[in-house]
Amino acid sequence: HSSNLQGYAPICLGLEDFYIRRLYLRIQDCFGRPISSSPGAWFDVVERHSNDNNKTLKRTTKVTRCLNLGSYNYLGFAAADEYCTPRVIETLKRFSPSTCSPRVDGGTTILHNELEVCVANFVGKPAAIVFGMGYVTNSAILPVLIGKGGLIISDSLNHNSIVNGARGSGATVRVFQHNTPSHLEEVLRQQIAEGQPRTHRPWKKIIVIVEGIYSMEGELCKLPEIVAICKKYKAYVYLDEAHSIGAVGKTGRGVCELLGVDTADVDIMMGTFTKSFGSCGGYIAGSKELIQYLKYTCPAHLYATSISPPAAQQIISSIKVILGEDGSSRGAQKLARIRENSNFFRSELQKMGFEVLGDNDSPVMPIMLYNPAKIPAFSRECLKQNVAVVTVAFPATPLLLARARICISASHTKEDLLKALEVISQVGDLVGIKYFPAESDKQ
Ligand code: PMP
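Numbering (UniProt numbering), first residue to last: 37 to 479.
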């Protein structure tokens with residue numbers, strides 16, 4: 037796993053600590069500001085004055101309305117919604133913000149049961165279990181699924197929550213080159229003799245972990261190839277759909293739907309509610325036996341307070357909208373919009389000469405800056421023109437692969453996108469990050 041820079045960055049110590057602190061002190065003037073509104077297509081960014089070592093926030097009333105290119109609000113449910121919001125308010129009044137109990141001690145409301153059925157049906161699995169946090173879903177589930185004597189084969193760019201769960205499980209962990217099925221096969225071959233049945237192998241079990249859309253790369257998983265390899269070598273497939281569920285696929289059902297993979301071939305489907313559904317929490321969906329086992333054994337189910345009822349209601353309601361069960365066609369429109377917006381924005385950025393990572397249909401769009409020293413100028417200059425972008429650098433990416441990570445939403449209008457493109461183009465010229473000739477210069 038040592039090649040996994042995202043998950044295995046050193047806890048900042050010594051010299052590294054010194055340099056990272058200095059880098060982030062410079063960046064603090066342009067991101068990490070609090071917001072004072074819902075994270076919709078536009079949001080209110082609160083001006084931060086202090087930049088001292090104590091990181092104190094000076095109280096200020098200066099609020100800037102900015103075009104939001106940072107939140108994972110893929111379908112636009114993070115802002116008030118005509119169907120979801122009244123139901124969430126009603127739930128808040130009836131159930132309160134918290135259950136104040138774990139699931140097994142009075143913390144299971146009727147909404148929790150409804151949510152699990154709703155999620156299982158939506159993702160196309162027989163059963164599901166939900167947790168109060170997406171991060172914990174990965175980090176707490178993996179140690180329950182596998183342990184000593186087991187083998188985890190993890191994509192080199194998997195999210196930190198997966199890395200933490202894999203480490204905590206006590207299983208042997210091997211990493212395959214990011215989204216490279218041939219390397220996955222090579223690693224599997226090294227680890228087992230081909231053709232042996234699941235029960236007669238050096239490993240008690242093997243789990244291959246991938247993401248539907250990679251959060252720092254915007255890339256779609258090569259799921260059909262990976263599933264075929266896992267079948268051949270009898271390994272379980274664990275798919276994290278944090279960024280793909282709700283965001284891609286004809287009816288929003290994620291990468292399986294988009295890439296034509298049968299959900300029966302994905303053994304463990306994981307996802308979060310913090311992106312497309314505008315809520316919080318995470319889920320695991322799988323066979324009835326798997327979910328039953330997790331309900332009996334997973335400490336995060338047994339000992340952690342259950343997902344907040346208003347958050348559960350937000351998920352149920354947003355899924356109903358996506359499926360058209362609210363009696364409108366808004367869900368279908370949102371899905372069409374996120375795809376159109378994403379593909380338009382990506383191709384326009386590429387035409388301008390930016391290096392943009394990721395695949396068509398993916399709403400995650402990293403614009404490469406490379407040099408981390410370009411981060412402060414890029415995000416500050418965008419912010420000056422009321423465009424808020426998130427920049428990502430080490431340790432979330434390798435040191436010299438800094439990037440601005442744009443997240444497109446169905447709630448962005450064409451005007452929003454045109455404004456964003458104009459600002460990003462100007463700032464791109466200023467900071468010098470158009471690494472390719474612009475389409476307009478080629479003619
Ligand atoms: N998995 C992936 C791939 C993620 O990108 C994230 C966070 N963005 C998580 C899990 C954790 O989810 P949450 O933020 O909902 O806790």
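Using N, Cα and C, we set each Cβ at its ideal position, and we do this for glycine too.
Just so it is clear, the structure is predicted and the values come from calculations on it, not from any experiment.
- Inter-segment contact for the stretch 99-106 and the stretch 464-475 is absent: fewer than three beta-carbon pairs are separated by less than 8 Å.
- Residue 114 and residue 211 have their C-alpha atoms spaced approximately 35 Å apart.
- The alpha-carbon of residue 308 is positioned some 16 Å away from that of residue 337.
- Look at residue 104 here: in three-state DSSP terms it is strand.
- In the DSSP assignment, residue 318 forms a beta bridge with 167, 308.
- For the 7 Å CB-CB criterion, residue 351 and residue 312 do not form a contact.
- Under a 10 Å Cβ-count criterion, residue 125 is classified as exposed, with fewer than 16 other Cβ atoms of the shown protein chains found around its own Cβ.
- Relative to the non-hydrogen atoms of the ligand PMP, the Cβ of residue 296 never comes closer than 6 Å to any of them.
- For residue 214, same chain residues with a beta-carbon under 6 Å away, outside a window of 5 residues either side, are 191, 192, 193 in chain order.
- The beta-carbon separation of residue 163 and residue 321, rounded to 7 Å, stays under the 8 Å limit for a contact.
- Beta-bridge pairing by DSSP links residue 339 to no other residue.
- Close CB contacts of residue 178 within its chain, under the 6 Å cut and outside five residues either way in sequence, are with 201, 202, 205 (chain order).
- Rounded to the nearest angstrom, the Cβ distance from residue 370 to residue 111 is 5 Å, consistent with a contact under 8 Å.
- For residue 208, the enclosing beta strand (DSSP E) begins and ends at 208-212.
- Positions of the alpha helix (DSSP H) runs, each at least 4 residues long and wholly inside the stretch 356-436, are given as 366-388, 410-420 in order along the chain.
- In the structure shown, the three-state DSSP call for residue 177 is helix.
- Check the Cα spacing between residue 344 and each of 80, 182, 142: the tightest is with 142.
- Take residue 161, set aside five residues on each side of it, and the residues of its chain with a beta-carbon closer than 7 Å to its own are 299, 305, 321, 322, in chain order.
- The C-alpha of residue 109 lies about 25 Å from the C-alpha of residue 297.
- For the pair residue 398 and residue 256, the CB atoms are nearer than the 7 Å cut-off.
- Secondary structure at residue 313: coil, using DSSP grouped into helix, strand and coil.
- A straight line joining the alpha-carbon of residue 326 with that of residue 222 spans about 29 Å.
- Per the C-alpha coordinates, the member of 132, 73, 72 positioned closest to residue 348 is 132.
- Check the Cα spacing between residue 448 and each of 71, 199, 76, 69: the tightest is with 76.
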